[in-house]
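Residue numbers (the numbering used here): 2 to 210. We put the CB at the ideal spot given by N, CA and C, even for glycine. These notes concern the structure reproduced below.
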Ligand SMILES: N[C@@H](CCC(=O)N[C@@H](CS)C(=O)NCC(=O)O)C(=O)O
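The structure is reproduced here in structure tokens:
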């Protein structure tokens, strides 16, 4: 398989870490759609990352759809989202809050990166920052509720799930990309939990470049 996109993208990173945990082999083409649009557009009409090319040549786009396909390709004992019922709902909910947090932190970054200085709209950046912050507050509460700072898993599963992967990456990305939010001081439980996740080889071997 070939995973297109830099690990600096939290969406690419959640796919990379999931591939590592699922034990699926892949090569990473560390490009961005901004600097190398043609490297992405030949596979993905949206020119976005992550884009995953399967061994049979099929192309998958959108991290949630990619992750769903990877789970579907995996034996049930390895899947990262429980197949049914409340456990599935819970892991999906935490993963949705985590990816929404990624969206908001990314949009706040994009405003500064892609708008000329005179068109930078501070209230919009503050709006997105506040939503990213609120997403992390929710995840911090979830860590406290699951009591998983030192042991165990965020989604209440008996092994790592997509909730653990996406929540940790949402936190790490926001801490890196929006330093002014001071999330380590505000959300120590989530900081500790994400630190534990990031120490695993599946995460550290897909560090943001
Ligand atoms: N919802 C998408 C978001 C992907 C996304 O926004 N990727 C960014 C990089 S972090 C990108 O490709 N941006 C280029 C663009 O949207 O023009 C997913 O989960 O895969």
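Taking the alpha carbon of residue 23 as the reference point, which residue from 52, 72, 34 and 9 has its own alpha carbon closest? 72
Counting pairs of beta carbons, one from the segment 76-93 and one from the segment 152-160, are three or more of them closer than 8 Å? Taking a cut-off of 8 Å for Cβ pairs, the segment 76-93 and the segment 152-160 touch, as three or more such pairs fall below it.
Quick check on residue 194: buried or exposed, where buried means 16 or more other Cβ atoms within 10 Å of its Cβ? buried
Under a three-way DSSP split, which group does residue 63 fall into? Residue state, collapsed to three classes: coil.
Rounded to the nearest angstrom, how far is the Cβ of residue 45 from that of residue 207, given a contact under 8 Å? Not really, about 20 Å apart at Cβ, beyond 8 Å.
Validate contact between the segment 136-152 and the segment 59-69 using beta carbons, cut 8 Å, 3 pairs: no
Backbone CA spacing between residue 150 and residue 111 [nearest angstrom]: 32 Å
How about residue 60: is its Cβ closer than 8 Å to a heavy atom in ligand 1? no
Kindly list the residues whose CB is nearer than 7 Å to the CB of residue 236, restricted to its own chain and excluding five residues on each side of it in sequence; keep chain order. With the chain covering only 2 through 210, there is no way to say anything about residue 236.
Shell residues, 5 Å Cβ cut-off relative to heavy atoms of ligand 1: 10, 12, 34, 49, 50, 63 and 64
Measure the C-alpha to C-alpha separation of residue 204 and residue 61 and round it to an integer number of angstroms. 22 Å
Over what stretch of residues does the beta strand (DSSP E) that includes residue 29 continue unbroken? 28-30
Inter-residue spacing [alpha-carbon to alpha-carbon] between residue 78 and residue 117: 50 Å
Those runs of the alpha helix (DSSP H) which lie wholly inside the segment 15-60 and span at least 4 residues: 38-42
In this structure, does DSSP put residue 4 in helix, strand or coil? Residue 4: strand per DSSP, three-state reduction.
So which of 162, 121, 74 and 184 has the shortest CA-CA distance to residue 132? Of 162, 121, 74 and 184, the residue nearest in Cα terms is 184.
Suppose you measure from the CA of residue 122 to the CA of residue 12; what does that come to, to the nearest Å? 25 Å
Taking residue 39 as the reference, give the member of 99, 166, 161 and 5 with the closest Cα. 5
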